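*Asks:* For the sequence shown, the working numbering assigns the number 606 to the initial residue and increments by one for each residue that follows.
Cβ atoms here follow ideal geometry from the backbone N, Cα and C, with glycine treated the same way.
Since we're looking at a predicted model, the values are computed, not measured.
Can you read through this structure? Questions will come right after.
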Amino acid sequence: MPSIPLQRTLAVSSLVYAATLWGLVWYPYRLLNEAGVGGIASSFITYAVPLLLLGWLHGRALHNARGHWLWLAALGLAAGWTNLAYVLGVLEGEVVRVLLLFYLSPLWTVLFSRFLLKEKLNRAGWAVMALAAGGALAMLWQPGDWPLPANRAEWLGLSAGVMFAVSNVISRHLGGVTEGAKVVSVWAGVAILTLAGLALKPDELDFVASAGVYTWLLLVGVGLAIGSMTYAVQYGLARVPANQAIVIFLFELVVAAVAAYYLSNERMGVQEWLGAIMIITASLFSGHMEDNQAEEKAHV
Numbered sequence: 606m607p608s609i610p611l612q613r614t615l616a617v618s619s620l621v622y623a624a625t626l627w628g629l630v631w632y633p634y635r636l637l638n639e640a641g642v643g644g645i646a647s648s649f650i651t652y653a654v655p656l657l658l659l660g661w662l663h664g665r666a667l668h669n670a671r672g673h674w675l676w677l678a679a680l681g682l683a684a685g686w687t688n689l690a691y692v693l694g695v696l697e698g699e700v701v702r703v704l705l706l707f708y709l710s711p712l713w714t715v716l717f718s719r720f721l722l723k724e725k726l727n728r729a730g731w732a733v734m735a736l737a738a739g740g741a742l743a744m745l746w747q748p749g750d751w752p753l754p755a756n757r758a759e760w761l762g763l764s765a766g767v768m769f770a771v772s773n774v775i776s777r778h779l780g781g782v783t784e785g786a787k788v789v790s791v792w793a794g795v796a797i798l799t800l801a802g803l804a805l806k807p808d809e810l811d812f813v814a815s816a817g818v819y820t821w822l823l824l825v826g827v828g829l830a831i832g833s834m835t836y837a838v839q840y841g842l843a844r845v846p847a848n849q850a851i852v853i854f855l856f857e858l859v860v861a862a863v864a865a866y867y868l869s870n871e872r873m874g875v876q877e878w879l880g881a882i883m884i885i886t887a888s889l890f891s892g893h894m895e896d897n898q899a900e901e902k903a904h905v
């Protein structure tokens, strides 16, 4: 069995790996959208791929976790909305603005971990909340208007961040449940939500009649990447406190900003940079915002 330092190193590395892929995955989703595959359809297929190919491997884990099925269902629904809203947001809006609103997650993680995990805040925790909220205000402020998301894509990014915090805290709460049961819950949650979306928008499946080999290969490839990311996230979250995991996930924002600049020529203005600096600073300090007692309790 790996030593505690090695376990922590592997956990952190797995979260960095997942954050890197999440910072890049918006681009193949945009390529799929250009090929006629809408965000709901592409989300359904790319999560159905790991569910069908790998889900059966974790049947025993799900059976052993039967006492936690309600929490696993909550995890699946929270993660399902996180991923669907993320994909739809980056397809419709500016990648970096959507992700900045997504990374208000420390603000929500503070609240949810306080009530569910009983992680007590110190003074730095309250400062993190104020800084994250201030960053959002700075980025969204327009003279004469309320500082709210400007369009549907930004609302999707904000809601994805809320549900991301919920799913992280629930995953941490399910410390005694294996990663296998959790990843199947995540894949199934996305598949169920997107299936409901397809029932409301069946025209998103029109691409099936004309899709070429390239489109199907891209869908399967993204699905396999999604599968590996889900494993990495659940492995890391089981071994890293929820608030500290947010700091590591912040690397996604750096990757996405660089990728958006080179792949889609997106640039941020001064106001966005100011808000970004405040939100990033809040995330960096979020690893120090609970009492030592809570950190020791969270250590696995």
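With a CB to CB cut of under 8 Å and the five nearest residues on each side skipped, what residues in its chain are close to Gly660?
*Replies:* Val789, Trp792, Ala793
*Asks:* Where does the unbroken alpha helix (DSSP H) through Met682 begin, and where does it stop?
*Replies:* Note on identity: in this sequence residue 682 is Leu, with Met being the wrong assignment. From DSSP, the alpha helix (DSSP H) with Leu682 extends over 674-697.
*Asks:* Below 6 Å CB to CB, which residues in the same chain sit around Asn638 once its five sequence neighbours on both sides are set aside?
*Replies:* Leu696
*Asks:* Counting C-beta neighbours from all protein chains within 10 Å, is the total for Arg702 16 or more, i.e. buried, or is it exposed?
*Replies:* buried
*Asks:* Skipping 5 residues on each side, what residues in its chain have a beta carbon closer than 6 Å to that of Val692?
*Replies:* Tyr634, Gly644, Ser648
*Asks:* Could you tell me the alpha carbon to alpha carbon distance between Glu900 and Ala861, rounded to whole angstroms?
*Replies:* Its pLDDT being 44, under 50, Glu900 is placed unreliably by the model, and the measurement read from it follows with that caveat. So the two alpha carbons sit approximately 30 Å from each other.
*Asks:* How big is the Cα-Cα spacing for Ala601 and Ser718?
*Replies:* Residue 601 lies beyond the stretch modelled for the chain, which goes from 606 to 905, so this question has no answer here.
*Asks:* Following the continuous alpha helix (DSSP H) through Asn870, name the residue where it begins and the one where it ends.
*Replies:* Element bounds for Asn870: n/a, residue is neither H nor E.
*Asks:* By the three-class DSSP mapping on this structure, what secondary structure does Ala743 have?
*Replies:* It is helical.
*Asks:* CB-CB under 8 Å to Leu763, same chain, minus the five flanking residues each way: which ones, in chain order?
*Replies:* Leu706, Phe707, Leu709, Pro754
*Asks:* Closer than 6 Å by C-beta to Ala624: which residues in its own chain qualify, once you throw out the five before and the five after it? Chain order, please.
*Replies:* Shown here for Ala624: same chain residues with a beta carbon closer than 6 Å to its own, the five before and five after excluded, namely Phe854, Phe856, Glu857 in chain order.
*Asks:* Taking the Cβ atom as the reference point for each residue, do Ala770 and Ile882 lie within a distance shorter than 9 Å?
*Replies:* For Ala770 and Ile882, no; Cβs fall outside 9 Å.
*Asks:* Anyone know if the C-beta pair for Val795 and Leu689 falls short of 9 Å?
*Replies:* Yes, these two residues count as a Cβ contact at 9 Å.
*Asks:* Going by DSSP, what residue range makes up the alpha helix (DSSP H) through Gly781?
*Replies:* It is not in any alpha helix (DSSP H) - Gly781 carries neither H nor E in the DSSP assignment.
*Asks:* Would you say Leu662 reaches chain D, if we count a Cβ-Cβ gap shorter than 9 Å as a contact?
*Replies:* The structure shown contains no chain D; it is built from a single protein chain.
*Asks:* Can you tell me which of Trp686, Leu721, Tyr840 puts its alpha carbon nearest to the alpha carbon of Ile797?
*Replies:* Answer by Cα proximity: Trp686.
*Asks:* Could you check if Ala735 is buried or exposed, using at least 16 other CB atoms within 10 Å of its CB as the buried criterion?
*Replies:* exposed
*Asks:* Can the beta-carbon of Leu658 be found less than 9 Å from the beta-carbon of Leu779?
*Replies:* Not closer than 9 Å, so no.
*Asks:* In the DSSP assignment, the alpha helix (DSSP H) including Val818 goes from what residue to what residue?
*Replies:* If you look at Val818, you'll find it in the alpha helix (DSSP H) that goes 818-842.
*Asks:* By how many angstroms is the C-alpha of Trp674 removed from the C-alpha of Ala666?
*Replies:* 11 Å
*Asks:* Helix, strand or coil for Pro610 per DSSP?
*Replies:* helix
*Asks:* Would you report the Cα separation of Val838 and Leu677, rounded to the nearest angstrom?
*Replies:* 15 Å
*Asks:* Do Thr783 and Ala670 come within 9 Å of each other at the CB atom, strictly closer than that value?
*Replies:* yes
*Asks:* Please classify Trp627: is it buried, with 16 or more other beta-carbons within 10 angstroms of its beta-carbon, or exposed?
*Replies:* Of the residues assessed, Trp627 falls on the buried side of the cut-off, its CB having 16 or more other CB atoms within 10 angstroms.
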